[in-house]
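In terms of our numbering, the sequence shown opens at residue 997 and continues consecutively.
Working notes, beginning with the structure itself.
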Amino acid sequence: MKVAVVCSFDLDGGAARAAYRLHQALQVHGADSRMFVQVRTSADPTVEGRSGGLTKLIGRIRPLIDHAPAKWMGTRLGQFSVNWLPGDLLARLASFNPDVVHLHWINAGFVSLAQIERIGRPLLWTAHDMWPFTGGCHYDEGCERYATAGCTPCPMHTRGSSLNMAGRRLTSKRATLDTTQLTLISPSRWLASVGRRSATAANREILVIPNGLDLSRFKPIDKATARSLFGLPTDKFILLFGALKSDANPRKGFAQVEEMLRRAAGSLLADSLLLCVYGTDTKSVGTLHGVPTRNLGHLHDDQALVALYSAADIFLAPSLQDNLPNTVVEASACGLPSIAFNIGGMPDLIDDGITGLLAKEINGQALLVALQQALHQPGWLAGAAIAARQLAEQRFCSRLFAARHMEAYAHAIRHSKLPCAIGKAVDHSTSAGHP
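Structure representation (structure tokens):
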């Protein structure tokens, strides 16, 4: 089976890494998989995309051009995507002639709605955030107007609201899905429920397939050895917090971590802690409310991540809204229990009280209570580490990840019409509401 995996990037960001891991797992499973990206970071010859010189520069500029209308309306890059730019994806797909096309995170100016309509192959789309179900935001920050008001008015648009960009894009997205033979996939039960409430997917089946991981690569190593690799002390209880731009994205919950440490300041608990942060743009050593901190910058390879997860005692995942973050999957695979809020896909990742803890409220005080619970039960912590690894083996192994997708691909092919030429225009004459 020839599979085209389509994602804006191959390694930049959690969605890209999940898509690339699927691409690798499919190859191991026997599929002829090729990944199509806008900007390629890896040296993998089965990933096709701009990787150097002027072509890579173009790939980096396209997100800025695509975002320009939304920026004028007051949203920041990465918060709201329009996806209006034309591109060359269809020609690239035609040269590969796949049996099935699997879309992932296609923003940053990579794939327009018009291109999706003309792919002409059995099509699947994994939602890595809320964007497939909204008028343009990647996370609605609790607004819920995608489900209740047609994304009108959009609270993210501080000017130009009369243009109703979000509402119009939601209508266009619905028309695209209505005229496309497409199977939707969600990594988490929560995001599937979001889709079922949205106008774009309310009448569609949404498969829930969790992201997978190569567990032969992501596995625990000796804690003392791991700490020595980063020059970390052996006498501290190490808290780990990390995500892309982890200290700059409010949705990832660093403010709640800071509140937790502020509330713990001056206590015996605080004296025992060390906070390590990765995913920041800079490296530094400092303190936060009296707790020593290490900002480790970006980690670009899996071996470094495995060592860091193995060096820590607890992973903090206090996202305010999230799908199925790779970081928690990776931490579990490395035998590292997590503390998170009971939101989004976190209940899919953490068996509360067994593999980690779900804080009872969404604030720093609740995080502190959960941390105290973990610290005061050293026997529980050791058991949770074992249980976290077992959970990863049961739910997130790459073999199961690939097999579930291969089954979905086969089903899509069996129930498809005969493939038409990639790039063929779609007739909207019977599609109501398409602009």
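In this text, a Cβ means the ideal position worked out from N, Cα and C, and glycines have one as well.
Taking its Cβ as the centre, do 16 or more other Cβ atoms sit within 10 Å of residue i, making it buried, or is it exposed?
| i | result |
| --- | --- |
| L1053 | exposed |
| P1431 | Residue confidence is low: P1431 scores 32 on pLDDT, short of 50, so the model does not pin down where it sits. No coordinate-derived value is stated. |
| D1277 | exposed |
| S1425 | Note that S1425 has pLDDT 41, beneath the 50 cutoff, so the model's placement of it is unreliable and the number below is only indicative. Result: exposed. |
| G1010 | buried |
| L1257 | buried |
| K1279 | exposed |
| V1281 | exposed |
| T1373 | Going by the sequence as given, residue 1373 is Gln instead of Thr. Exposed, since its Cβ has fewer than 16 Cβ neighbours within 10 Å. |
| S1168 | buried |
To the nearest angstrom, how far is it from the Cα of residue i to the Cα of residue j?
| i | j | result |
| --- | --- | --- |
| S1077 | W1101 | 11 Å |
| T1144 | Y1016 | 34 Å |
| S1412 | V1097 | 12 Å |
| A1021 | L1396 | 9 Å |
| L1295 | V1001 | 24 Å |
| A1370 | R1213 | 27 Å |
| A1198 | R1170 | 10 Å |
| L1120 | R1088 | 18 Å |
| S1004 | G1138 | 26 Å |
| L1235 | L1270 | 6 Å |
| R1193 | A1123 | 14 Å |
| A1398 | G1156 | 44 Å |
Check the C-beta distance from residue i over to residue j and give it rounded, since I have them as a contact under 8 Å.
| i | j | result |
| --- | --- | --- |
| T1148 | G1163 | 4 Å |
| L1377 | D1309 | 7 Å |
| A1408 | P1118 | 4 Å |
| F1311 | V1325 | So it is not a contact: roughly 11 Å between Cβ atoms. |
Have a look at the options and flag the residue whose alpha-carbon is nearest the alpha-carbon of residue i.
| i | options | result |
| --- | --- | --- |
| A1303 | V1281, I1339, D1218 | D1218 |
| L1209 | T1130, R1058, A1327 | A1327 |
| C1133 | L1119, H1153, G1116, R1114 | H1153 |
| N1245 | P1333, L1364, Q1075, S1263 | Q1075 |
| D1347 | K1413, K1248, I1382 | I1382 |
| E1519 | L1240, L1284, L1264 | Past the boundaries of the shown model lies residue 1519; the chain is included only from 997 to 1431, so the question cannot be answered. |
| L1320 | G1275, F1392, A1370, L1257 | F1392 |
| I1205 | I1409, A1406, M997, H1401 | H1401 |
| V1365 | T1289, L1354, P1374 | L1354 |
| M1031 | S1157, H1025, K998 | K998 |
| R1290 | N1338, A1307, D1008 | A1307 |
I need the boundaries of the alpha helix (DSSP H) containing residue i, first residue and last residue.
| i | result |
| --- | --- |
| A1220 | 1219-1226 |
| P1374 | 1374-1391 |
| T1323 | 1322-1329 |
| T1144 | 1141-1144 |
| G1163 | 1161-1174 |
| L1178 | Premise fails: L1178 lies in the beta strand (DSSP E), 1178-1182, not in any alpha helix (DSSP H). |
Starting from residue i, follow the beta strand (DSSP E) in both directions and report where the run begins and ends.
| i | result |
| --- | --- |
| D1028 | 1028-1035 |
| E1044 | 1043-1046 |
| P1288 | 1287-1292 |
| F1337 | 1334-1337 |
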